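S.K.: Okay, handing you the structure first.
In our numbering, the protein residues as written are 15 to 381.
Right, here's the structure in full:
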């Protein structure tokens with residue numbers, strides 16, 4: 015790229031006009047290359063007022079919300095109040111008048127700008143994702159997550175499955191860490207008892223956590239369709255509730271459908287007020303699995319394409335077993351033992367009985 019030093023306004027206008035074509039910004043402090051965010055950007059404007067500051071260049075989404083700002087710093091560097099406000103944005107960049115000389119360079123975050131006068135440090139000395147080793151403040155989506163037994167990773171690595179989905183007793187993907195802003199500390203999140211439902215102003219983290227809940231329960235109920243269970247009581251209320259869930263999903267009311275679906279099969283300590291809705295009956299089990307899978311696909315479609323791609327790189331969910339005749343009944347017992355855990359005498363059976371010591375039995379009485 016040829017040298018294009020110029021006045022403040024000339025550099026500002028060039029950055030705005032070529033926003034989508036500029037190479038990644040080479041940060042003079044952390045030494046990382048960070049592209050200007052383009053996901054969700056509808057247009058780029060100059061001199062955009064965003065209290066309490068006026069951005070030289072602002073990338074906006076279709077709703078007019080700021081996705082990123084680029085400040086052209088010459089004689090008036092941003093003050094502490096401006097830096098604090100810009101640290102709450104997803105992306106803020108700072109460049110000087112020579113930013114476009116032989117490439118595109120500057121500072122990729124308020125953190126790097128604030129420390130610009132210090133000696134350049136190794137990238138490993140700043141907080142970074144334990145999966146991809148990128149500094150948090152260089153990420154397109156400034157969030158980090160942790161499952162209870164998983165490394166601290168960025169949301170992109172979490173999307174690819176680096177946050178554990180099954181770790182003993184902690185199976186609800188709770189206890190996340192959220193990196194709220196560039197200049198804030200890491201704050202522990204709290205595990206939520208009920209499935210999270212995103213509101214109208216949900217950000218990428220909210221949408222990802224909602225997807226993760228649907229993904230988890232889709233996996234749980236899909237696995238349960240492979241087990242032969244006997245209904246322990248009439249489940250007409252569950253069937254009626256599943257009709258309501260289907261109707262809500264069909265009308266596009268996904269959040270209400272999720273509220274109706276969540277209590278089905280939930281244990282007493284994780285169940286909202288209302289009747290106990292069991293799904294031991296195989297037909298109800300299958301319908302519950304299909305409902306969670308349908309919700310999972312919708313929640314997936316709400317995520318940015320970059321996060322969707324990470325999720326789609328994971329191994330797919332297994333198949334829902336819709337034909338009860340195809341469900342193999344596996345009992346718990348010793349391979350050479352006479353009796354299964356549920357009391358079947360294997361020596362008196364006409365057909366071979368399959369048992370397992372270390373696997374998961376599908377016989378409801380052997381669990």
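Backbone N, C-alpha and C fix where the C-beta goes; we use that ideal spot for every residue, glycine too. Predicted model only: the values in this text are computed from it and were never measured.
1. I think residue 34 touches residue 121, with their Cβ atoms under 8 Å apart; what is that distance to the nearest whole Å?
2. Nearest to residue 352 by CA position, among 335, 313, 370, 65, is which residue?
3. Drop a sphere of 10 angstroms on the beta-carbon of residue 344, count the other beta-carbons inside from all chains shown, and report buried for 16 or more, exposed for fewer.
4. Are the beta-carbon atoms belonging to residue 49 and residue 38 less than 8 Å from one another?
5. I'd like to know if the segment 251-269 and the segment 294-306 are in contact, where contact means that at least 3 CB-CB pairs between them fall below 8 Å.
6. Would you check if the distance between the CB atom of residue 83 and the CB atom of residue 71 is smaller than 8 Å?
7. Kindly indicate which residue of 79, 116, 356, 315 has the alpha-carbon position closest to the one of residue 377.
8. By DSSP, does residue 362 sit in helix, in strand, or in coil?
9. How about residue 58 and residue 30: are their beta carbons less than 8 Å apart?
10. So what's residue 298 in DSSP terms, helix, strand or just coil?
11. Using beta-carbon positions only, say whether residue 126 and residue 146 come within less than 8 Å of one another.
12. May I ask you to report which of helix, strand or coil DSSP gives residue 40?
13. Using DSSP with H/G/I as helix, E/B as strand and the rest coil, what is residue 86?
14. Quick one: what's residue 142 bridged to in DSSP?
15. With residue 317 and residue 221 assumed to form a contact (beta carbons below 8 Å), what rounded beta-carbon distance in angstroms separates them?
16. What are the start and end residues of each continuous alpha helix (DSSP H) run of 4 or more residues lying completely inside the segment 226-276, in chain order?
17. Looking at the strands, I want to know which residues DSSP matches up with residue 73.
18. Once DSSP output is grouped into helix, strand and coil, what is the label at residue 29?
19. Would a C-beta distance cut-off of 8 Å place residue 52 and residue 97 closer than the cut-off?
20. Does DSSP put residue 117 in a helix, in a strand, or in coil?
21. Using three-state DSSP, classify residue 168 as helix, strand or coil.
22. With 16 other CB atoms within 10 Å as the buried threshold, where does residue 241 fall?
23. Determine the burial state of residue 257: buried for a count of at least 16 other Cβ atoms within 10 Å of its Cβ, exposed for fewer.
24. Assign residue 77 to buried or exposed, taking buried as 16 or more other Cβ atoms, counted over all protein chains shown, within 10 Å of its Cβ.
25. In the DSSP output, what is residue 370 paired with across the bridge?
M.R.: So, from the data block:
1. Actually they are not in contact, since the Cβ atoms of residue 34 and residue 121 sit about 21 Å apart, beyond 8 Å.
2. 370
3. buried
4. yes
5. yes
6. yes
7. That would be 356, whose Cα lies nearest to the Cα of residue 377.
8. coil
9. yes
10. helix
11. In this structure, residue 126 sits away from residue 146, with a CB-CB distance that is not shorter than 8 Å.
12. strand
13. Of the three classes helix, strand and coil, the one that applies to residue 86 here is strand, per DSSP.
14. Listed as beta-bridge partners of residue 142 by DSSP are 149.
15. 5 Å
16. Here the runs fully enclosed are 250-264, 268-275.
17. 58, 82
18. Looking at residue 29 - three-state DSSP - the assignment turns out to be helix.
19. no
20. coil
21. strand
22. Burial call: buried.
23. exposed
24. exposed
25. 346
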